[in-house]
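K.L.:
Going by our numbering, the first residue of the sequence shown is number 157, and it counts up by one from there. We treat Cβ as the ideally placed atom computed from N, Cα and C, and that holds for glycine. Bear in mind that the values here come from a model prediction, so they are computed numbers and not experimental data.
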Amino acid sequence: MTSELKRSLDGESWDRLGGTVTVDATDTSIITDPNADPDNDDLNSLLEYALGTSPTTANPNPFKIAITGTSVEITTTINQEADDIEITLQSSSSLTGWNDANEDLPIVSRINNGDGTTTVTYRSQPGFLLTNDQQFFRIKVTLIP
Ligand SMILES: [Ca+2]
Ligand SMILES: [Ca+2]
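Okay, here's the thing in structure tokens:
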């Protein structure tokens, strides 16, 4: 993966550049690496772009897991304008292998937050926890070439 993200000064938008990274000259918080985490909030800049959070302001991780009875619900924000990435919810029972979780946890709602992000909710069927004693979840973000 190469650095392909540009962040505008207003913090609102990113633009895809052809394999290079630039930032506005007056922006001192240079974003040069999608794997970097300049605000130290444990979200790298690619994730921040995908989730619609600021790469230069530490923010709580928007990826949340909740349990209701025997059902699992996962919510996250997604950057509506990021059309050059693919976001996949994945699960694992042992952290050694990951599977797409689309079938187990389909998207049940999308709420437009009015700020360029959408809150997406994934939810399992009731009983999911009865058949899966241990599950880990992650959001996988891939830059589309
Ligand atoms: Ca960060
Ligand atoms: Ca951040």
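1) Can you tell which of Asn235, Ser227 and Val228 has the C-alpha that lies nearest to the C-alpha of Ser210?
2) On the CB-based measure, 16 or more other CB atoms within 10 Å of its CB, does Ala206 come out buried or exposed?
3) To the nearest angstrom, report how far apart Thr176 and Asp240 are at their CA atoms.
4) In this structure, what does DSSP give as the bridge partners for Glu242?
5) Near Asn255, what residues of its chain come up, given a Cβ to Cβ distance below 8 Å and the 5 sequence neighbours on each side ignored?
6) To which residues of the same chain is Asn191 closer than 6 Å at the C-beta, ignoring the five residues directly before and after it?
P.N.:
Straight from the coordinates:
1) Asn235
2) buried
3) Here the model assigns Thr176 a pLDDT of 37, short of 50, so the residue's position is not dependable and the matter cannot be decided.
4) Thr298
5) Gln246, Ser247 and Ser248
6) Asn200
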